[in-house]
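In terms of mature numbering (1 follows the signal peptide of the UniProt record, and there is no 0), the sequence shown is residues -20 to -1, 1 to 415.
Okay, structure first, notes after.
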Amino acid sequence: MNPRLTRPLLAIAISGAMFAGGAVVASPAFADPSGARESSTDALSVLEDPTGEPTPEPTATTEPTPEPTATTEPTPEPTATTDPTPEPTATTDPTPDPTVTTDPTPEPTATTTPAPDPTVTTDPADTTAPVGKFSLNTTALWIGQVVSLTQGAVTDNKSAATQITRTVNWGDGTSSTLPANTSAFKHKYAKNGRFTVVVTLKDAAGNTSKATAPSSTVAVTTPGKFKLSKYSVWSGESFKLTISNVPAGTTKLTLDWGDGWVQNLKARNQTVSGYYYHRKNGGLIKGAITLKTTFTNKYGATSAIYSGKVTVKTDSWKPVVKVKKPSSSDRIKSWKTVTGTSSDKGSGAPYVYVWGTRISGSKVYCTNSKKKWVRVNSDADFGKCTAITVKVSKGKWKMSLPGVAKGTLYIDARTWDWADNASKWSTVKAKITRS
């Protein structure tokens, strides 16, 4: 026997048999010679004769009587083979299982039960829009003031108040969504006109309506009128602004000069004067400056209202100052009054600044801003010497100078114009020898 075929043939033999009632029964393939393969028949023959000798095979062939007997024994085998027939019957037992499987048929019926839910979702009965009210605190404002909108009660047949959206169209091209829990809402109008306020309500079902109000139109105007006396000035040059048509109910006016300085005015028609020099932060003013006025009443302050524009001209000329020396400069009485001139082509020099110094022997004195003579004993004491400010009128200036005594007198003067251009020093020296 070929050992390579041992396990495969054994597997064939076993796989070709069935266990029934504990007995091994040949499969129909082996029982029916006409359907058996030669290899299978030979293999079975070998398995039936463990010796593997071919001689007994003819012997088995020569003993027909037993072989047919043995051959007829397979007759019961078909019977035994037919025993599996119930097994197919048992196999058909699952037929009720499909019947059980078909039991879920009512479940689709239960699944179709939710069909009424869409009917509830699309309930056409909720076509009622919400209802609400609102009110405005005023229907007349000045530009830049704020209107206050107060929400009234908002109701709906199905949606809760928190489910209702409230959208306000302010009429000026802007809109806002009002929170349900906010009773009042404010809005500033930045331009003149008549603006209709519309509040749209929308419930959870999408139904919309317009809230009602006693009055929903706001008229916005700009108060006051303004007129400038000059539109182009030098630094330090005075000009006037006239404010008129101040409405009744105005409680305050605030004038912004445009240079960092702000002036509070009484709430009435009036004319105010001003000039430009340095900005509040210290810088010299040049170029165009815009003035603005703010009006205030019970509804608050307006935005800053344009009141005019003034251009400050550029000044590059330096002023000229001179001290006049009297004809009898050696006499004390000639210096009781010190005089001189000041000129400028541009903005002008409003003041001349004068210093007096007197030397009497080994003693040195100087004047302070109060025209008092102060003893100078060291360089540090020169800090006590301050200028006397003298106002210029029609190009001339003068001042009294008490306390002049014999000795050498020095009068120094200098000036600055409104454009901060400085003059050169002007100095007069006189030796005083008599009264």
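Yeah, the Cβ is synthetic: ideal placement off N, Cα and C, and Gly gets one too.
The shortest C-alpha to C-alpha distance from glycine 328 to any of Lys376, Lys278 and Ala160 is the one to Lys376.
Valine 200 places its beta carbon less than 8 Å from that of leucine 121.
Assigned with DSSP and collapsed to three states, tryptophan 398 falls in coil, not helix or strand.
Under the three-state reduction of DSSP output, threonine 413 falls in the coil class, being neither helix nor strand.
Note: threonine 130 is bridge-paired with Ser115 and Ala164 in the DSSP secondary-structure output.
Look at the beta carbons and you see the region 330 to 339 touching the region 370 to 386: at least three pairs across the two are nearer than 8 Å.
When only Cα atoms are considered, threonine 162 and alanine 109 end up about 21 Å apart.
Taking 8 Å as the cut-off, the beta carbon of arginine 394 is found no closer than this to the beta carbon of serine 380. Annotated as distal: alanine 185 and leucine 129, with beta-carbon spacing of 8 Å or more. Within a 10 Å sphere around the beta-carbon of phenylalanine 362 sit fewer than 16 other beta-carbons, which makes this residue exposed. Around the Cβ of asparagine 357, a 10 Å sphere holds fewer than 16 other Cβ atoms; the residue is exposed. Collapsing the DSSP output to three states places aspartate 183 in coil. Under the three-state reduction of DSSP output, aspartate 392 falls in the strand class. Rounded to whole angstroms, isoleucine 223 and glutamine 250 show a C-alpha spacing of 5 Å.
A straight-line Cα-Cα distance of about 11 Å links serine 342 and threonine 388. The region 299 to 313 and the region 247 to 264 do not touch, with fewer than three beta-carbon pairs separated by less than 8 Å. With 16 or more other CB atoms across the displayed protein chains lying within 10 angstroms of its CB, glycine 288 is buried.
When Cβ pairs closer than 8 Å are counted between the two stretches, the region 201 to 214 is seen to touch the region 268 to 277, the count reaching three or more. A direct Cα-Cα distance of roughly 7 Å separates aspartate 295 from tryptophan 214. Around threonine 413, the same chain offers Asp310 and Lys386 as residues with beta carbons nearer than 7 Å, after the five sequence neighbours per side are excluded. Between asparagine 277 and alanine 399, the alpha-carbon positions lie close to 40 Å from each other. Pairing tyrosine 256 with glycine 280, the inter-Cα distance amounts to about 30 Å. In the DSSP assignment, serine 323 falls within the beta strand (DSSP E) that extends over 317 to 323. When secondary structure is reduced to three states using DSSP, threonine 294 falls in the coil class, being assigned neither helix nor strand. Separation of lysine 113 and serine 139 (C-alpha to C-alpha, rounded to the nearest whole angstrom) is 17 Å. Arginine 338 counts as buried, since no fewer than 16 other beta carbons sit within 10 angstroms of its beta carbon.
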